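Asks:
Residue numbers (this note's numbering), protein chains in the order written: chain A, 10 to 335; chain B, 456 to 761.
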């Protein structure tokens with residue numbers, strides 16, 4: 010059976026104005042990423058800022074048209090008109106900035122009704138009660154449903170955004186940094202709500218984040234990205250407890266732990282993520298990699314299967330690492 | 456006595472709370488009244504002038520005994536008096552009646568052309584910004600072409616081509632006003648287009664025309680209203696200017712510009728009232744709209760305050 014949502018060799022480049030007149034530069038935001046989301050197996054995509062996470066999310070809901078590659082919903086390409094229609098109903102997105110994702114001129118209930126109306130999920134006269142019901146489901150009182158977005162707190166705004174995404178009864182919810190704009194106490198509330206919704210509605214999440222604590226609570230699978238390329242993927246608990254790629258090690262090792270005894274001091278990474286307009290040759294991580302070898306700057310690593318994880322690193326090729334099977 | 460002093464802070468707090476609630480309710484129930492409340496004194500004066508202008512333009516001619524266009528040779532060239540507040544012109548027509556009657560025509564031309572320019576300019580600017588690329592290039596270059604002529608010269612050329620008259624005057628002033636609106640809304644939509652709520656609307660299946668009309672334009676309305684209010688006075692000046700040159704409203708229809716031009720030949724004879732009063736009316740109207748627009752801009756977009 011084909012997976013619920015699948016990215017096949019997804020590539021997204023942007024043309025931007027360069028320093029030389031009439032010559033545009035290409036930003037390699039996402040450069041060939043494949044993954045699949047199985048029903049009830051939520052996927053987390055992590056990486057630093059600028060690694061192309063949000064671009065992937067926007068390709069998945071077709072806010073961006075991929076430069077190459079494709080996104081498939083149950084094996085069918087979404088590049089067609091009918092495909093996009095199906096996609097809108099079954100895959101919804103929650104945006105990073107809760108305030109910015111709600112039209113300031115629409116009431117909470119009207120925001121939900123827009124989605125019900127244009128995705129044709131309800132009859133016109135049922136819409137109002139459905140919208141109020143959806144709001145109630147995310148913890149917004151029916152008496153507040155006529156309020157405008159600015160009259161809600163950040164946490165409530167994000168709840169409304171979630172309710173809007175739930176309106177067409179989707180199977181997949183793409184969460185783009187759903188908690189990064191919120192206070193810690195609100196983050197916990199929203200995550201708690203997302204955990205409950207997943208169980209109640211049988212949702213599958215694709216979570217874009219740089220907060221590994223959120224991944225731990227919401228994801229079954231994990232994909233670690235660096236500069237538009239995958240570096241490591243596999244079951245989330247496995248990677249979080251024992252990352253193998255040097256970049257995943259650094260990323261997961263940099264999480265602050267409250268207990269100084271258990272803190273293992275992985276050497277932090279130096280420098281900044283390179284510019285995606287001129288990505289490094291070979292392995293994109295080689296300029297910052299603590300275990301860089303001569304081959305790394307020349308040849309792009311191919312995926313190696315190491316146990317349950319897939320790792321894109323020359324360390325694991327034959328004769329170097331703990332073993333690949335290719 | 457002691458008890459009263461102890462209670463005072465509580466009372467003050469209660470009073471403040473009530474005052475705040477009153478302000479909140481006023482703001483919600485009487486948006487317009489609240490606006491008046493927020494206007495600075497100069498703009499309040501502008502609002503008063505504009506309201507007075509509208510009232511006198513609509514009800515004035517009904518209350519006056521004279522006809523604005525009917526000639527009355529025996530009473531020509533009378534100086535201002537209690538029976539003719541602003542005197543009479545060379546055909547014996549009451550200048551006061553004609554000034555009020557002209558206010559109707561000038562308001563009609565100014566508001567009509569600004570209203571049309573508002574609608575057309577908003578459509579052009581928002582389409583250009585939303586679709587970008589070729590659509591943007593073509594539409595905005597056309598706007599640049601109109602803007603590249605000196606406004607008044609272009610208006611004169613257009614009237615010369617279309618012929619004078621109120622309708623043609625409205626068309627011509629609309630044409631020269633459209634680029635300001637188009638540019639203003641284009642820049643607004645360009646920034647609003649990147650807002651997450653537009654992306655969210657797209658993922659909710661909202662079609663493009665509804666994103667423009669229900670998401671982008673309503674959120675740019677503030678700047679548009681200010682642009683419109685500022686341009687009303689320019690439209691009035693253009694209308695009067697063209698009519699002064701004989702390119703606008705045709706006599707005997709009363710219009711401030713034509714009245715000023717009819718009176719200039721009488722100035723040397725000491726009959727100043729024939730052109731000074733319509734000039735004063737034009738001056739007041741332009742001043743009123745400008746002051747009002749300034750105040751509106753300060754309320755809607757405080758960052759634009761000079």
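Every residue, glycine too, gets a C-beta built ideally from N, C-alpha and C.
If you're wondering where the values come from, they're calculated on a predicted model, not measured in any experiment.
(1) Rounded to a whole number of angstroms, what is the C-alpha to C-alpha distance between residue 144(A) and residue 177(A)?
(2) Give every residue of the same chain whose Cβ lies closer than 7 Å to the Cβ of residue 64(A), excluding the five residues on either side of it in the sequence, and list them in chain order.
(3) Pull the bridge partners of residue 545(B) from the DSSP assignment, please.
(4) With three or more beta-carbon pairs closer than 8 Å as the criterion, would you say the segment 693-705 of chain B touches the segment 559-572 of chain B?
(5) Can we count residue 620(B) as close to the ligand NAD, meaning its CB is less than 7 Å from some heavy atom?
(6) Going by alpha carbons, who is nearest to residue 191(A) out of 258(A), 231(A), 107(A) and 262(A)?
(7) Which chain B residues are close to residue 114(A), counting only those with a beta carbon under 7 Å from its beta carbon?
(8) Can you name the residues that DSSP bridges to residue 214(A)?
(9) Are at least three pairs of beta-carbons, each pair with one atom in the segment 492-510 of chain B and one in the segment 744-756 of chain B, less than 8 Å apart?
(10) List the residues of chain B whose Cβ lies closer than 7 Å to the Cβ of residue 70(A), in chain order.
(11) Kindly say whether residue 593(B), judged by its beta-carbon, lies nearer than 8 Å to any beta-carbon of chain A.
(12) Is the shortest distance between the beta-carbon of residue 585(B) and the beta-carbons of chain A less than 8 Å?
(13) Chain A beta carbons: is any one of them nearer than 8 Å to that of residue 651(B)?
(14) Can you tell me where the beta strand (DSSP E) holding residue 127(A) begins and where it ends?
(15) Is it the case that the Cβ atoms of residue 646(B) and residue 576(B) are separated by a distance below 8 Å?
(16) Using three-state DSSP, classify residue 456(B) as helix, strand or coil.
(17) By DSSP, does residue 334(A) sit in helix, in strand, or in coil?
(18) Would you say residue 749(B) faces chain A, with C-beta separation under 8 Å as the test?
(19) Mind pulling the chain A residues with CB within less than 7 Å of residue 661(B)?
(20) Classify residue 539(B) as helix, strand or coil using the three-state DSSP reduction.
(21) Any Cβ of chain B within less than 8 Å of the Cβ of residue 102(A)?
(22) Secondary structure at residue 253(A), three-state DSSP: helix, strand or coil?
(23) Specify the secondary structure class of residue 19(A) as computed by DSSP and reduced to three states.
(24) CB-CB under 7 Å to residue 761(B), same chain, minus the five flanking residues each way: which ones, in chain order?
(25) Taking the beta strand (DSSP E) that residue 132(A) belongs to, which residues open and close that run?
(26) Suppose you measure from the CA of residue 330(A) to the CA of residue 183(A); what does that come to, to the nearest Å?
(27) Rounded to whole angstroms, what is the Cα-Cα separation between residue 547(B) and residue 729(B)?
(28) What do you get for residue 86(A), buried or exposed, if any count of 16 or more other CB atoms within 10 angstroms of its CB means buried?
(29) So, is the C-beta of residue 654(B) closer than 8 Å to a C-beta in chain A?
(30) Should residue 725(B) be labelled buried (16 or more other beta-carbon atoms within 10 Å of its own) or exposed?
(31) Any idea which residues DSSP pairs residue 319(A) with across the strands?
(32) Write down the C-beta distance between residue 628(B) and residue 694(B) rounded to the nearest angstrom, noting that I regard them as a contact closer than 8 Å.
(33) Out of curiosity, what's the CA-to-CA distance linking residue 263(A) and residue 573(B)?
(34) Can you pull the chain B neighbours of residue 110(A), defined as C-beta to C-beta under 9 Å?
(35) Does any C-beta atom of chain A lie closer than 8 Å to the C-beta of residue 689(B)?
(36) To the nearest angstrom, how far is it from the Cα of residue 323(A) to the Cα of residue 29(A)?
Replies: Taking the structure as given:
(1) Counting from 1 along the first chain, the entry for residue 144(A) is found at position 135. Counting from 1 along the first chain, the entry for residue 177(A) is found at position 168. If I take the Cα positions, the gap works out to 13 Å.
(2) Locating residue 64(A) in the first chain gives position 55, where the first residue counts as 1. Once the five neighbours on either side are set aside, the close Cβ partners of residue 64(A) are 21, 38, 39 and 73.
(3) Residue numbering aside, residue 545(B) sits at position 90 when the second chain is read from its first letter. BP columns for residue 545(B) are empty, so no partner.
(4) yes
(5) Judged by which ligands are present, the structure shown has none, so any question about the ligand NAD falls away.
(6) As a first step, residue 191(A) must be located in the first chain, where it is residue number 182. The shortest C-alpha separation from residue 191(A) is found at 107(A).
(7) Walking along the first chain from the start, residue 114(A) turns up at place 105. Contact annotation for residue 114(A) against chain B: 673 and 674 [CB-CB distance below 7 Å, chain order].
(8) If you number the first chain from 1, residue 214(A) lands on position 205. Looking at the DSSP output, residue 214(A) shares a beta bridge with 182(A).
(9) Judged by Cβ distances under 8 Å, the segment 492-510 of chain B makes contact with the segment 744-756 of chain B, as three or more pairs qualify.
(10) Taking the first chain and counting its residues from 1, one reaches residue 70(A) at position 61. Within chain B, the residues near residue 70(A) are 658.
(11) Locating residue 593(B) in the second chain gives position 138, counting from the first residue. False, the Cβ-Cβ gap to chain A never drops below 8 Å.
(12) The sequence position of residue 585(B) within the second chain is 130, counting from 1. No, no contact with chain A.
(13) One-based indexing of the second chain puts residue 651(B) at position 196. So, interface residue.
(14) Counting from one through the first chain, the residue named residue 127(A) turns up at place 118. Segment 117-127 is the alpha helix (DSSP H) holding residue 127(A); no beta strand (DSSP E) there.
(15) Taking the first residue of the second chain as 1, we reach residue 646(B) at position 191. Taking the first residue of the second chain as 1, we reach residue 576(B) at position 121. No; because the gap between Cβ atoms is not below 8 Å, this pair is not in contact.
(16) As a first step, residue 456(B) is located in the second chain; it is residue number 1 there, counting from the start. Its pLDDT being 45, under 50, residue 456(B) is placed unreliably in this model, and the value from its coordinates should be taken loosely. The DSSP-derived three-state label of residue 456(B) is coil.
(17) Taking the first residue of the first chain as 1, we reach residue 334(A) at position 325. Its pLDDT being 44, under 50, residue 334(A) is placed unreliably in this model, and the value from its coordinates should be taken loosely. Coil.
(18) One-based indexing of the second chain puts residue 749(B) at position 294. At a cut-off of 8 Å between C-beta atoms, residue 749(B) does not count as an interface residue with respect to chain A.
(19) Counting from one through the second chain, the residue named residue 661(B) turns up at place 206. Going along chain A in sequence order, the residues near residue 661(B) (Cβ under 7 Å) are 123 and 127.
(20) Counted from its first residue, the second chain places residue 539(B) at position 84. Note: residue 539(B) maps to coil in three-state DSSP.
(21) For the purposes of this step, residue 102(A) is taken as residue 93 along the first chain, with counting starting at 1. Yes, its Cβ sits closer than 8 Å to a Cβ of chain B.
(22) Mapped onto the first chain, residue 253(A) falls at position 244. Note: residue 253(A) maps to coil in three-state DSSP.
(23) Locating residue 19(A) in the first chain gives position 10, counting from the first residue. Residue state, collapsed to three classes: strand.
(24) Position 306 of the second chain holds residue 761(B). Only weak support exists for where residue 761(B) lies, its pLDDT of 44 falling under 50; the value from the coordinates is given anyway. Hits under 7 Å: none found.
(25) Counted from its first residue, the first chain places residue 132(A) at position 123. Residue 132(A) -> no beta strand (DSSP E), and no H or E assigned at all.
(26) Residue numbering aside, residue 330(A) sits at position 321 when the first chain is read from its first letter. Residue numbering aside, residue 183(A) sits at position 174 when the first chain is read from its first letter. Its pLDDT being 45, under 50, residue 330(A) is placed unreliably in this model, and the value from its coordinates should be taken loosely. Approximately 35 Å between the Cα atoms of the pair.
(27) Here the question's residue 547(B) lines up with position 92 in the second chain. Here the question's residue 729(B) lines up with position 274 in the second chain. One C-alpha to the other measures close to 11 Å.
(28) Counted from its first residue, the first chain places residue 86(A) at position 77. Looking at its Cβ environment, which holds fewer than 16 other Cβ atoms inside 10 Å, residue 86(A) is exposed.
(29) The residue you call residue 654(B) lines up with position 199 of the second chain. For residue 654(B), the answer is yes, since a Cβ of chain A falls inside 8 Å of its Cβ.
(30) Translated into the one-based positions of the second chain, residue 725(B) becomes position 270. Here residue 725(B) is exposed. Its C-beta has fewer than 16 other C-beta atoms within 10 Å.
(31) Residue numbering aside, residue 319(A) sits at position 310 when the first chain is read from its first letter. Answer by DSSP bridge pairing, in chain order: 242(A) and 314(A).
(32) Within the second chain, residue 628(B) is the residue found at index 173, counting from 1. Within the second chain, residue 694(B) is the residue found at index 239, counting from 1. Right, the Cβ-Cβ distance comes to about 6 Å (below 8 Å), so this counts as a contact.
(33) On the first chain, position 254 is the one that residue 263(A) refers to. On the second chain, position 118 is the one that residue 573(B) refers to. Going from the Cα of residue 263(A) to the Cα of residue 573(B) covers about 56 Å.
(34) Counting from one through the first chain, the residue named residue 110(A) turns up at place 101. What residue 110(A) touches in chain B: 650, 651, 652, 654 and 655.
(35) As a position in the second chain, residue 689(B) is number 234, starting the count at 1. No - not a single Cβ of chain A is within 8 Å of the one on residue 689(B).
(36) As a working note, residue 323(A) is residue 314 in the first chain. As a working note, residue 29(A) is residue 20 in the first chain. Going by the C-alpha atoms only, they are around 36 Å apart.
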